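*Asks:* For reference, the structure I am asking about is given below.
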Amino acid sequence: MSALETEIHPDIAARLDDFEALVRLYRPRVFRFALASLRDLDAAETITQDCFLRAYQARERFRQECSLHTWLMRIAVNLIRDRVRNRRLQFWRRAAKMATPVDAGGVAIADRGRSPEAQALLRERVAAIWTAAENLSEKQRTVFLLRFVEDMDLLEIAVATGMKEGTVKTHLFRALRAVREQIGEKS
Amino acid sequence: MIPHLSSQQLSEHLLGQPSVAAARHVRDCAACRAQLERNREELEEFGAAVRAWSAGEADRYQINMAQAAPASAPEPLSWRASRQLAWALLIAAIFAIASLVLPRHSGESAASDAALLQRVDAEVSRTVPSSMEPLMKLVVQEQ
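From first to last, the protein sequence lines are chains A and B.
To convert, take the position in the first sequence, counting from 1, and add 1; that gives the numbering used here.
To convert, take the position in the second sequence, counting from 1, and add 1; that gives the numbering used here.
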């Protein structure tokens, strides 16, 4: 179980019928993943709504073989994949217009007692990771965001993406290598 | 002691799955340990930055949507309310069609139907067309 998953009230898993509570709890995560994947506010909102609509329609079929979070992320991954494949041109055209953490005010980095120089260097490297994530293949970006933004472990990512655990690992290795190259480290 | 960690070994470490030899090397090698810590910190800060950005964008989206909606706009119907309204409209439409198609049985309509039938009956019972009726009277008078 990932760090984020431990925040979930244990009763929620058993109370799938309390759908409003479920939406309140998981909506920010689904929206965040959709936004980070698509970089389009309207699309992220649509995906989030579709995700919970699909979940509501399929709630009878949820067998609790995985956590609710993983199940919802699986629905979101499929919706995002369909959207990117169906509207590839529009996606990139619109994505290019959206302000990202790298734009305007730059990446927000918490001040943890670092020197201004160290803070500036870290901000630069985090911005480079963001740029690198943008250039990853669709599968690599998906597993990378699920691992390092959503804090999901390999098995959860495998369930959410429908890939084998070994395949997830391979995509993550490739993504990490691309990211490390982007931030200027030798592979 | 193995040489410095390869990219693959660093990635394994970052994913929490180092080999025994790599884990031992990191314990003994300050340079690799520092690099690993740096990479870990960068990835954690990346995750935190995306989460903060996403939360800010979600708030901004909600504000924009609220501002875009007119002040006097009616409350949007919930899915359940919409379905109930659709059913009500459907039932009303069925009644409207049925009232046009099916025969009416009220007393008033029965009386008007009877009057109509009498008029039809009278027309059918005429021996000659109505335009020739004055001539027929002449014929009767002559007899």
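In this text, a Cβ means the ideal position worked out from N, Cα and C, and glycines have one as well.
Values in this document were obtained by computation on a predicted structure and should not be read as measured data.
Tell me, please, whether the CB atom of alanine 74 of chain B is closer than 8 Å to any CB atom in chain A?
*Replies:* Reliability of the predicted coordinates at alanine 74 of chain B is poor, the pLDDT of 49 falling under 50, and the value obtained from them is presented with this limitation in mind. Judged by the 8 Å Cβ criterion, alanine 74 of chain B is not in contact with chain A.
*Asks:* Relative to the C-alpha of phenylalanine 34 of chain A, which residue among B:Arg41, B:Ala59, B:Ser12 and B:Ile92 is closest?
*Replies:* B:Ala59
*Asks:* Taking only beta carbons into account, state which residues of the region 34-58 of chain B come closer than 9 Å to chain A, listed in chain order.
*Replies:* Gln36, Arg39, Asn40, Glu42, Glu43, Leu44, Glu45, Glu46, Phe47, Gly48, Ala49, Ala50, Val51, Arg52, Ala53, Trp54, Ser55, Ala56, Gly57 and Glu58
*Asks:* Do the CB positions of glycine 48 of chain B and phenylalanine 174 of chain A come within less than 8 Å of each other?
*Replies:* No, they are not a contact pair.
*Asks:* Short check: CB of glutamine 183 of chain A to CB of alanine 129 of chain A, under 8 Å?
*Replies:* yes
*Asks:* Return helix, strand or coil for proline 4 of chain B, following the three-state DSSP convention.
*Replies:* coil
*Asks:* Could you check how far apart the C-beta atoms of phenylalanine 145 of chain A and leucine 156 of chain A are, in whole angstroms? I think they sit under 8 Å.
*Replies:* Incorrect: roughly 16 Å between the Cβ atoms, too far for contact.
*Asks:* Between the region 68-86 of chain A and the region 90-103 of chain B, are three or more C-beta pairs nearer than 8 Å?
*Replies:* no
*Asks:* Which word fits isoleucine 76 of chain A, buried or exposed, when buried means at least 16 other C-beta atoms lie within 10 angstroms of its C-beta?
*Replies:* buried
*Asks:* Suppose you measure from the CA of leucine 103 of chain B to the CA of serine 38 of chain A; what does that come to, to the nearest Å?
*Replies:* 59 Å
*Asks:* For chain A, is any of its Cβ atoms less than 8 Å away from the one on glutamine 10 of chain B?
*Replies:* Judged by the 8 Å Cβ criterion, glutamine 10 of chain B is not in contact with chain A.
*Asks:* With a threshold of 8 Å between beta-carbons, can isoleucine 76 of chain A be considered close to chain B, or not?
*Replies:* No, because no Cβ of chain B sits closer than 8 Å to the Cβ of isoleucine 76 of chain A.
*Asks:* Verify the CB distance criterion: does leucine 15 of chain B have a CB-CB separation below 8 Å to chain A?
*Replies:* yes
*Asks:* Note down, in chain order, all residues in the region 116-149 of chain A with a beta-carbon under 9 Å from any beta-carbon belonging to chain B.
*Replies:* Leu123, Arg124, Arg126, Val127, Ala128, Ala129, Ile130, Trp131, Ala134, Leu146, Arg148 and Phe149
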